[in-house]
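Novice: Pasting in a structure now, in structure tokens, and then I'll have a few things to ask.
Pasting the structure below:
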């Protein structure tokens with residue numbers, strides 16, 4: 007029989023009373039009603055309340071005894087036990103913590119033990135756009151096909167089954183580390199490239215790095231030629247790597263970037279994790295002598311060709327020093343106003359241009375100068391000019407040198423009245439001695 011327990015917040019059902027009962031003053035005994043009978047009723051009432059309370063508490067606790075010896079099969083405990091017994095053995099783990107705001111853009115993924123993944127869906131929370139990914143052949147893991155975006159909220163749903171076909175699901179909503187709280191290093195050269203013997207590995211970070219030692223220690227550069235490779239910091243945002251002497255021709259250089267989770271400074275964390283390899287081509291080192299206005303090309307240590315040039319004028323001499331070709335353009339515009347020369351020149355179709363410094367030094371084709379200047383006079387605003395044709399066609403020294411040069415080849419300028427190019431003006435760290443280079447390392 008159901009019993010009712012009342013409390014201060016639960017009104018008891020109204021009981022019918024006789025008029026006499028309604029008028030009965032508090033504390034007075036009903037006429038003709040013995041005191042003992044009233045005490046007995048009070049005692050019985052209290053006993054009923056206690057019994058009802060005990061029953062209610064026993065039911066909330068899920069005791070099998072409260073239900074009459076059902077061994078837990080019909081109560082909540084029985085239901086929980088049955089559910090647990092039938093639960094899937096598949097255990098899904100999502101690397102990005104649900105609710106996290108600093109998830110990795112590289113290592114986000116899913117793993118499962120005791121079963122196999124059946125499907126995983128990752129979407130951009132704001133737009134609902136799907137993010138492509140793949141389950142491993144053995145069904146034990148899933149990862150995105152491409153790096154995630156920084157500062158983006160994602161939703162992930164992963165489903166798996168164990169060997170009995172029982173399903174398991176895991177959900178996670180997370181946000182990747184923000185642009186403001188992370189740093190990335192743009193690097194050169196790209197993986198898979200073949201470059202010249204002077205090509206350093208150069209990182210330019212998008213934030214100031216104050217924890218230089220940890221950042222540098224998580225970038226390793228090695229050569230199949232067995233050369234020692236050391237890093238050197240130019241300020242707080244650039245880190246270059248090179249050996250003592252030019253790379254050995256034909257060697258393979260590998261850089262391992264392990265910056266994901268590395269603290270670069272107060273409030274910024276690295277997000278990159280990858281390995282990149284490139285190949286060193288044949289050795290080509292070209293020497294420009296401003297006294298003779300000629301350039302001698304050495305290929306694998308032997309003189310290969312000599313080309314007449316026109317270098318910087320007396321008013322605008324060319325830098326001395328060892329410079330590295332960092333970019334190649336079949337044709338480009340050269341506007342003097344972009345490098346501090348006002349409106350002195352603006353040539354919109356300079357052929358066969360190869361950059362030697364960040365400040366605007368190039369070795370390039372020259373079709374506007376008289377052919378008599380090459381090998382005889384310096385006439386440029388600091389560049390090294392080679393005879394060429396408008397449009398870049400024909401068999402010219404400018405076209406030959408362009409076709410036979412690699413990014414990373416070395417061009418050495420000597421006997422110019424100008425100063426030596428600064429080591430951080432382009433990829434020109436070779437102008438530092440080995441001792442000076444190593445002194446700029448943080449490790």
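Numbering (our numbering), first residue to last: 7 to 449. Glycine included, C-beta positions come from ideal geometry on N, C-alpha and C.
Could you tell me the boundaries of the alpha helix (DSSP H) in which residue 220 lies?
Specialist: Run containing residue 220: 218-223, per the alpha helix (DSSP H) assignment.
Novice: So the candidates are 188, 397, 202, 324; which of them puts its Cα closest to the Cα of residue 268?
Specialist: 188
Novice: So what does DSSP say about residue 407, is it helix, strand or coil?
Specialist: helix
Novice: Use the C-beta contact count for residue 443: other C-beta atoms within 10 angstroms, 16 or more gives buried, fewer gives exposed.
Specialist: Buried, by the Cβ-count rule.
Novice: Does DSSP classify residue 109 as helix, strand or coil?
Specialist: strand
Novice: By DSSP, does residue 437 sit in helix, in strand, or in coil?
Specialist: helix
Novice: What is the C-beta distance between residue 315 and residue 417, in whole angstroms, given that I count them as a contact (C-beta under 8 Å)?
Specialist: That belief does not hold up - the Cβ atoms of residue 315 and residue 417 are roughly 10 Å apart, past 8 Å.
Novice: If you compare alpha carbons, which of 274, 298, 252 is closest to residue 215?
Specialist: If we check each option's Cα against that of residue 215, 274 comes out closest.
Novice: What are the complete beta strand (DSSP E) segments, minimum 3 residues, inside the stretch 343-412?
Specialist: Whole beta strand (DSSP E) segments, 3+ residues: 352-361, 368-372, 390-393.
Novice: Below 6 Å CB to CB, which residues in the same chain sit around residue 44 once its five sequence neighbours on both sides are set aside?
Specialist: Bear in mind that a pLDDT of 45 at residue 44, under 50, signals an unreliable position, so the model cannot answer this.
Novice: Can residue 94 and residue 212 be called in contact, C-beta distance under 9 Å?
Specialist: no
Novice: State the CB to CB distance for the pair residue 330 and residue 410, rounded to an integer number of angstroms; the pair is presumed to be in contact (CB under 8 Å).
Specialist: With a Cβ gap of about 16 Å, residue 330 and residue 410 do not count as contacting.
Novice: Let's test the definition: count the other Cβ atoms within 10 Å of the Cβ of residue 405 and tell me whether it reaches 16, buried, or not, exposed.
Specialist: buried
Novice: For the putative contact between residue 150 and residue 128, defined by C-beta atoms under 8 Å, what is the C-beta separation to the nearest angstrom?
Specialist: Yes, they are in contact, since the Cβ atoms of residue 150 and residue 128 sit about 6 Å apart, within 8 Å.
Novice: Grab the span of the beta strand (DSSP E) containing residue 174 for me, first residue to last.
Specialist: 173-181
Novice: Inspect the beta-carbon positions of residue 303 and residue 392 and report whether they are closer than 9 Å.
Specialist: Taking 9 Å as the cut-off, the beta carbon of residue 303 is found no closer than this to the beta carbon of residue 392.
Novice: Can you tell me whether residue 209 is buried or exposed? The criterion is at least 16 other CB atoms within 10 Å of its CB, across all chains shown.
Specialist: buried
Novice: Short of 7 Å in beta carbon distance, which residues of its chain neighbour residue 206, apart from the five on each side in sequence? Order them along the chain.
Specialist: 246, 247, 248, 433, 435
Novice: Between 276, 440, 344, which has its C-alpha nearest residue 220's C-alpha?
Specialist: 276
Novice: For residue 298, which of helix, strand or coil comes out of DSSP?
Specialist: coil
Novice: Note down, in chain order, each residue of its chain lying with its Cβ closer than 7 Å to the Cβ of residue 199, except the 5 sequence neighbours on either side.
Specialist: 284
Novice: Considering Cα atoms alone, identify which of 306, 325, 165, 305 is closest to residue 296.
Specialist: 325
Novice: According to DSSP, is residue 444 helix, strand or coil?
Specialist: Note: residue 444 maps to helix in three-state DSSP.
Novice: Which partner residues does residue 314 have in the DSSP bridge list?
Specialist: 300
Novice: Going by beta carbon distance, what residues of the same chain come within less than 7 Å of residue 337, once the five residues before and after it are set aside?
Specialist: 355, 356, 357, 398
Novice: Helix, strand or coil: how does DSSP classify residue 156 here?
Specialist: coil
Novice: If you draw a straight line from the C-alpha of residue 117 to the C-alpha of residue 301, how long is it?
Specialist: 60 Å
Novice: Could you tell me the alpha carbon to alpha carbon distance between residue 452 and residue 201, rounded to whole angstroms?
Specialist: What is shown of the chain runs 7 to 449, which leaves residue 452 out entirely.
Novice: Tell whether a beta-carbon distance below 9 Å holds between residue 173 and residue 165.
Specialist: yes
Novice: For residue 320, I'd like the list of residues in its chain whose CB is within less than 8 Å of its CB, leaving aside the five on either flank, ordered along the chain.
Specialist: Correct list, in chain order: 384, 423.
Novice: Do you know offhand how far residue 394's Cα is from residue 368's?
Specialist: Between residue 394 and residue 368, the C-alpha separation is close to 14 Å.
Novice: Please report the distance separating the alpha-carbon of residue 528 from that of residue 180.
Specialist: This structure cannot speak to residue 528, because the chain is shown only from 7 to 449.
Novice: Measure the alpha-carbon distance for residue 419 versus residue 317 and round it to whole angstroms.
Specialist: 10 Å
Novice: Does DSSP classify residue 136 as helix, strand or coil?
Specialist: strand
Novice: Which residues in the same chain have their Cβ closer than 6 Å to the Cβ of residue 136, if we skip the five residues on either side of it in sequence?
Specialist: Once the five neighbours on either side are set aside, the close Cβ partners of residue 136 are 129.
Novice: At the level of alpha carbons, what is the spacing between residue 262 and residue 225?
Specialist: Going from the Cα of residue 262 to the Cα of residue 225 covers about 6 Å.
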